[in-house]
Amino acid sequence: MQRLEFILRRLLTSLFVLVGVSIITFAIARVVPNNAAAMYIGPKARQEDIDRVTKQLGLDKPLPVQYLIYMQELTRGDLGTSIATKRPVTQELTGRLPATLELLLFGMFLAAIIGIPLGVLSARSQGKLLDVAVRMLSIVGVSMPAFFLGLILQIIFFRNLDILPLAGRVDADLRFTNPLTPITNFLLLDSFLTANWVTLKDAFLHLILPAVTLAAYPTGLIARMTRAAMLETLEQDYIRTARAYGIKQHIIIYQYALKNAVSPTLTVLGLTFAFALTGTFFVEIIFNWPGLGLFTVRSLLSLDYPAIMGMTLFGATGYVLINLIVDIVQTWVDPRVSLK
Amino acid sequence: MTIPAIPTLDIESTRTWRHVVSVIVRDPLSLASLIIIVAFILMAVFANQIAPYPEQGAGKTNAANTMAPPSADNLFGADKLGRDVLSRVIVGARSALIIPIFVVVFAVLLGAPLGALAGYKGGWVDEVIMRITDLFLAFPSLLLAMAIAFALGRGLDKAAIALIISWWPWYTRIARGVAVGLRERYFVEAAQAAGVSDAVIIFRHILPNTISPILVQATVDMGTVILAMGGLAFLGLGTQPPAPDWGLMVSEGRTYMLNQWWIATYPGLAIFIVVLAFNLLGDTLRDIFDPRQYR
Amino acid sequence: MSVLLEVKDLNLEFKTSRGVLKALNGITFEVRRGEVFGIVGETGCGKTVTGLSILRLLPRSAKITKGMIKFDGINLLDLPPSEMEQVRGGKAAMIFQDPSSSLNPVFTIGSQLVRVIRQHTELNAKQAEARASETLDAVGLPDIKRIMTSYPHQLSGGQQQRVMIAMALSCRPQLLLADEPTTALDVTIQAQILKLLRDLQKQFDISVILITHNLGVVAQTCDRLAVLYAGRVAEIGSTHDIFNNPQHPYTRGLMNAIPKPGSRGKKMAAIPGTVPSNPGEMTGCPFAPRCEFAFERCSMETPALLKASEGHLASCFLVEHAG
Amino acid sequence: APAASEAATEPAVTEAPAESQPTEPPAPAVLKIANTANITTWDPIASFSTEASYLANVYEQLLRINPPGSPEAYTPLLAESWEVSDDGLAYTFNLREGVKFHDGEAMNADAVKKSIDAAVERSGASFIWLPLDNVEVVDDSTVKFNLKWAAPVDLIASSLYGAWIVSPKALEAGAADETFWADGKSYGTGPYMVESYTPDAEIVFTQNTEYWGGWNDGQYEKVVVSIVPEATTRQQMLEGGEVDLATALPVENLATFESDSNYTVYKEPSFFNYLGFFNTLKKPLDDVKVRQALSYAIPYDDIIAIGAKGLGTQSYGPVPAGVFPWDDSVFRYSYDLDKAKALLKEAGYENGGFSIRLTYASENATEEAFAPLIKDSFAQIGVDVTIEPLAFGQQWELAKTDPANAQDMFLLLYWPTYSDAGADNMWSMFYAGAEPPYLNVTKFNLSYWKNDEYNALMDVAGAITATDYEGSKAKYVEANKLLVEEAPAVFFFDTMAVFVVPNRIEGFKYNLNYPFVHFFFYELRSVQ
Amino acid sequence: MTNLIEVHSLKKHFRLPGGWLSGETKHVYAVDGVDLSIASGETFGLVGESGCGKTTLGRMILRLIEPTSGKVIFDGKDITAIEKSRMKPIRREMQIVFQNPLSSLSPRLRVEQIIAEPLTTHGILSKERIRPRVIELLEQVGLGRQHLDRFPHEMSGGQCQRVAVARALALNPKLIVLDEPTSALDVSVQAQIINLLDELKKTLGLTYLFISHDLNVVQHISDRIGVMYLGKLVEVGDAQDVFDEPLHPYTQALFGAIPMPVVDTKRELKVLEGNVPSPVNPPSGCRFHTRCPIAQKMCQETEPALRPVRGARQAACHFVE
Ligand SMILES: Nc1ncnc2c1ncn2[C@@H]1O[C@H](COP(=O)(O)OP(=O)(O)OP(=O)(O)O)[C@@H](O)[C@H]1O
Ligand SMILES: Nc1ncnc2c1ncn2[C@@H]1O[C@H](COP(=O)(O)OP(=O)(O)OP(=O)(O)O)[C@@H](O)[C@H]1O
Ligand SMILES: [Mg+2]
Ligand SMILES: [Mg+2]
């Protein structure tokens, strides 16, 4: 009951946040460009075309009405048409989503499986050399500009060592030698499902550099947070109790303490999603990764406001969803959470 | 409402500050980071005196020298327009440091009192303020910054405004966290019992206690904001050419990364080093003030 | 009665940012089999640290500089860590002041108990669970099925402390260290827990070290006790001797400072001044600055424990006079 | 029915499933290209942008204009031959027979008429058909273009934009459904068909096995184009062998390839040129002396050196070198600060003393590179320049909203829609209609400049291009001289196109008439 | 003697968050109908187990929280009816001292600023006269001018509590609510503070509401005692009388559970079975019936009122004569 109520309450606040986000986004996108219709048609527009498009886009109606129409269409999954590509924004976004999601999830996965153990190790050996090394490493991780790191990794691992591919999601040749049947559009998943090992390996190799670039910041952050949370937890009375009852050190660390420390780490993981999402913008540009980031940056630079609105909503929804999931997971990890 | 002056330095005993300094000075890494930060600040302030070619730093071209590799004349080489990269890195320290300081200071000024208010008042005030911060946090901060830059147009000032708007909620959260903790403490109630007004309680009793966690966060955020500014410039939404900006220089130089590596590498390193220094310093401050504080 | 635990000349330091803090300065006492031994004293006098030293649960910043802790014939300070783990919770168990923070909030009571039992016995999961229920029953908890599957925050403070006691008893230890086990509880619940402790102590024939700052609690529960002041033993002896014939001026001061029935309207006998912040740095008797009987020698020389009667000692130069 | 035409392209998409069978199919000859060009639309009629790079391999015009210096002016494509009437008002094209569109429809006179009519109606480049009165279907394989005035239809029909011949089925379907063209589709007659398209990422082309031109050994069965915006990445891909060809490599890095015997570097003249419009509505730029002075204060050589690494030549007015009606008798301003100062003094601005707001398209790296040179140079004559990079859309909007308050200088990269810079460059950018200048019919008159003499010369020249080529050119040159004299704009330089082609690929030939078509895949051959 | 404080059927029900899913909102019945009067110059001791509502009652009397219902008459004025904004002058008359000395002082202010704050807030002294007054107050509580610019963390618990008392005295209040002022202190220091409070009361003619769960202390300092159980007063009477002969079974149990620092009597602790019921779901009828050794059926059903017994005493039990 408590958990259900907690989840429902969180859902409600999430909804509130999303509506707020949509209003702000709408305001930014609709109020600011002073001639949206002209932008829509482009430089060669004639006045009658502008008038037609103004009507067609509903730009002649009062703003609140426009917002309601936008929301109404949104509920049908329609985010309007991109100015730059003239294709439905929903289609543009969903088409690129798998690529970004693959990168994002793999990057966050890397960050978690590297960051959490590093943090735990570091906390275990507080003050020792290992701790200092891990702390330095995580600080370097959060200090390295992704757009710079990506370039350097490319030069080292492709140009100098030639052990990893440079850019893109998969080698172009494979399309003919080992054609892939799309099922989910997640390359790794699809190639796994269809037992296309060659493509799987190649796609995986392509993913490494971008994912590492993306993961640098969250890894550092997670390692630091895990360390801090572990240190705090290890000071708690119940850890002293566990020690007082002769519980083995590794059980204390990896079960008694970690289960408590994982809660703040999860929160951070949820919050870093926002950082990681913007991180993909740089990573996708540098690694020519055909995802949302590249599309967003191009939309921004070409003032493609329906696309920007769509992307902002998409990003915010993703963020809210992830944090919702984190909160729900936390009610399982820590039975006290739903009481807060 | 007259807001009483916040007793800033006064409220921390001098011993505490001396303690902070002594810890930093004793730890070689922290000391190094402090020296780096001070050095970069001095560099920004005296850019015109230090830079070998101050006008080139500011943007003056020197077509004859285009893409000159590092040499005695141009220690860090020259860029596409023949401008001395070293001078541009030095002059670029200005916007690289001043704007983040500005962003962080304003984000704190906006965020902290709101957070203190939310935490102190509780109830619906808290609910409303925190939902609004949730809302701003839900925008990926760079995306929000970009959207605002998009709305207001490009430029350093707009990027700064955008970043302030996306950064203040962090300080609201921190200040609120402290304030909620303090609400349980009796001195707030004692002040209420004495008839002290809410505004005075917030500014005199609550905000001063948020200083150390905020200082820690602000130091770390300096680094993060420098990165974000660099990112915005890299995407073409921050500083506009020909003004010197590290992120912009990396962006412009990345095309030549393979053959004229110096154009992008030095500004990239500058960002990395300064951010690293702020993060190291922030870490030390965190250890001193509150080893358990984390976002 | 034979001696179960012997603590001799225990010295302990903390490394702090303000320098070295000498928290214990030669603590000496012994606990016999089957007795309840009280350790009393005011805040910061070193009660908890003494208790933690016995199980070697001290924080990193603490260092035992001198002394010996002989438990059941073995010097615990020489034990390798793995054997020490066997002692903890096996031969000696400890319960703490705040039961709500002493239980791991993210595991059920049952799983925490079972983990401890299996750590120290050869029982399988099922048997361990049975043993856990048994012990929970022994500490007088109702509805054991529910409690086993509950999380700590779902229990009241008194219940939590009972669970802690159950955990301590589950491996049949010889020594139970209880650090202010009732301070966080209400008087009526405190009475329940104290009674429970005494009953169980008799039932299982174990020794208990009861750490408290409440003289009433000691008087009511302990067989013998030590009064600590500033990291030293001020007085040690049987409860009867100490309460009826306190030797140390500090012990006397403490007793007088408690309001008694009928004292209303009268001024209370307070001990002037405050506890020294770093007693290890002082020369002479640490209580001298607050002592109304202090004379020159007191600030020059630290008095050793002097015998007042059989088994009753106090560290005061004036003991001889009284004795 | 549209369903049938859909089916025609279906097989390409539903390639045989990927069960990796033990019998490995022989790997097809695949050409891999890293390109910057993006697709703004797959609709060949509407197309007016970089996608031409790909459409030119999928669609064909009636004929193709050859690069200057070729023995023949035109290569016949869908038209085998054509005649002009004596008055120049009617062009009759005899169509190639037996040609089929990718969807199986027959290419015939009706299809040509429908395609051209569609272009007239809604092409981005519909203005090229202004002289056209109507298209007449003479018989199944003959069409006649009737004109309002004599115009070079052969030239126009070979245009890169607005001249593709498209399957009528697709035209119908496109008219009925706005989203018809959203994904990669091919309804042309060209040698390649679109097999798949991933936005921003990749386009895969496959041979049109029934291509009327037939196929030879060494030609590629498949072409995979990766869209790679980052120059460094393209260069590394080429160097690392991940692709066979890459476009728009950083010119600074060409030396690497020039010194490598495995590559041939082509540097070709192109139809692109850079201009800077003065806002002639605003003081002091309304004064021709000031404009001339500023034209003398442009460091042309440095701009070419920095902006294009020397791969460019100073322009002779708005007409790029090599295209009609280019002529080197047109005046070019030199970099002469003394003259500039003198002119400013004459105009009453001794030592300058005014400021100028200059905008450029932030997407354009070349403009970004050379704009600061203008600022520094103008500073020497006392003119202060504020440089403002804007997204092209914003720059455009600023110029169009209120010219009187628009930017003072507008940097622009321009290229002619088809190979007649008189009818395009000179007309589009400097001809003024009767309306207020900013609603000018020509749209690109970003100087807001109006000169009756110029207009008159242009009117005459345009009307006689087809009939009196030399006479027309003479008039255009005269107009051009006048234009340069009046200096409503600065004419920076004509660019060069640079291509790095590995020696394992043969047949590359750049046709500057088709500026965005980097490669005609059909011409390329691999040498083993 | 006139009553400085009169409390009439005062209630405070805290709403608990959540519960909207099940449709029922839960309340903590922290204080549930308390009648009480404190005479001018009197020390009224309030005892009871943790969570029974002592602090809540004290806070309502100072109007630091709003009562759910009921009245508080202070010095003849109904302060629950006054507008919140007009409470300021009344605040001068009443003050509070809390349990935890360190946390009741603002950590970033110096002692001088802390004690001066009520004075500056009410603007009753000119600037130059504030410092002498602060010093005077410090001396009154046994500290001196050398403490003026200390920070709270630079002082011991007893000294902090003295500062808190000085602050409470700054405005010359009539009433001071002392909410467990000594429970965080050591016995030796507790005695010092109790002596100080006693002395101040005599010299300044103060009225105390003294909250504690240490019965020994309450008994020592109070004139009258009230015993609370689950939001209600169960017994009120003269301190000595209540202590000598507790009437209510709860009071008896409570007193029986206190360990006394004497060995010879060898009195066994009286153990009251069961846990304290939650104030969210208080038992029906007499709230104590779940743990009461003499409870009868009627106790489950009818709630005994607090009624006068044996002269000036009051008790809420069906079986008290
Ligand atoms: N982790 C620590 N670091 C530094 N000093 C410590 C630490 N733990 C305890 N001390 C110091 O050691 C001394 C003894 O502390 P201890 O906790 O044993 O006192 P105690 O008698 O248990 O007091 P209390 O009644 O408050 O529990 C105190 O002066 C205390 O400040
Ligand atoms: N702000 C609040 N919101 C909800 N419940 C509260 C609030 N304040 C107090 N309570 C609850 O009201 C009840 C009475 O609390 P109160 O603090 O008055 O008890 P107390 O007798 O002072 O206890 P203690 O001896 O522990 O100080 C408790 O159950 C407490 O949890
Ligand atoms: Mg202790
Ligand atoms: Mg209380």
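Residue numbers (our numbering), protein chains in the order written: chain V, 1 to 340; chain Z, 341 to 635; chain W, 636 to 958; chain D, 959 to 1486; chain Y, 1487 to 1807. Every residue gets a Cβ at the ideal spot worked out from N, C-alpha and C, and that includes glycine.
- Those residues that bring their Cβ nearer than 6 Å to a heavy atom of ligand 1 are F649/W, T651/W, L656/W, A658/W, G676/W, T678/W, G679/W, C680/W, G681/W, K682/W, T683/W, V684/W, P694/W, S696/W and H848/W.
- Judged by the Cβ position, I501/Z fails to qualify as a neighbour of ligand 3 at the 8 Å threshold, every heavy atom of the ligand being at least this far.
- D1665/Y has its CB nearer than 8 Å to a heavy atom of ligand 4.
- Under the 8 Å Cβ criterion, the segment 1150-1160 of chain D does not count as touching the segment 1062-1080 of chain D, having fewer than three qualifying pairs.
- In chain order, A167, G168 and N288 make up the part of chain V whose C-beta sits under 9 Å from the C-beta of V1186/D.
- Around ligand 2, the residues whose beta-carbon falls short of 6 Å from at least one of its heavy atoms are F1500/Y, V1514/Y, A1516/Y, G1534/Y, S1536/Y, G1537/Y, C1538/Y, G1539/Y, K1540/Y, T1541/Y, T1542/Y, H1699/Y and P1765/Y, given in chain order.
- If only uninterrupted beta strand (DSSP E) runs of at least 3 residues are considered, those enclosed by the segment 867-896 of chain W are 867-873.
- Under the 9 Å criterion on CB atoms, Q557/Z is classed as non-interfacial with respect to chain Y.
- Closest option to T770/W, judged by alpha-carbon separation, among M703/W, L692/W, R753/W and L748/W: L748/W.
- Rounded to whole angstroms, the gap between the alpha carbons of G1148/D and G1171/D is 9 Å.
- In the three-state reduction of the DSSP assignment, M309/V falls in the helix class.
- E757/W and G127/V have their C-alpha atoms roughly 37 Å apart.
- Linking G725/W to Q249/V through their CA atoms gives a straight-line distance of about 16 Å.
- Under DSSP, S1039/D shares a beta bridge with N1052/D.
- Classified as exposed, S1028/D has fewer than 16 neighbouring CB atoms from the shown chains inside 10 Å of its CB.
- For the segment 191-218 of chain V, no residue has a beta-carbon sitting nearer than 8 Å to a beta-carbon of chain Z.
- Rounded to whole angstroms, the gap between the alpha carbons of F109/V and F158/V is 23 Å.
- Taking a contact to require three or more Cβ pairs closer than 8 Å, the segment 1307-1325 of chain D and the segment 1357-1376 of chain D qualify as touching.
- Distance from the CA atom of F1236/D to the CA atom of F1450/D, rounded to whole angstroms, is 13 Å.
- R1777/Y carries a coil assignment under DSSP once its states are collapsed to helix, strand and coil.
- Within the segment 721-733 of chain W, contact with chain Y at the beta-carbon level (separation under 9 Å) is assigned to no residue.
- Contact check between the segment 658-676 of chain W and the segment 825-842 of chain W: three or more CB pairs, one atom from each, fall below 8 Å, which counts as touching.
- Identification of chain Z residues near E1210/D by a Cβ-Cβ cut-off of 7 Å yields M407, Y596, N599 and Q600, ordered along the chain.
- In this structure, the CA atom of I156/V is about 29 Å from the CA atom of F192/V.
- At a C-beta separation below 7 Å, G1630/Y has no neighbours in chain W, since its nearest C-beta there lies roughly 15 Å away.
- The beta carbons of L180/V and D173/V sit no closer together than 9 Å.
- Within the segment 1002-1041 of chain D, the complete beta strand (DSSP E) runs of at least 3 residues fall at 1021-1023 and 1032-1034.
- Taking the Cα positions, G293/V is about 30 Å away from V445/Z.
- Given a length threshold of 4 residues, each whole run of the alpha helix (DSSP H) inside the segment 367-438 of chain Z is given here in chain order: 368-385, 387-390 and 394-398.
- Taking all protein chains shown into account, T1359/D has fewer than 16 neighbouring C-beta atoms within 10 Å of its C-beta and is therefore exposed.
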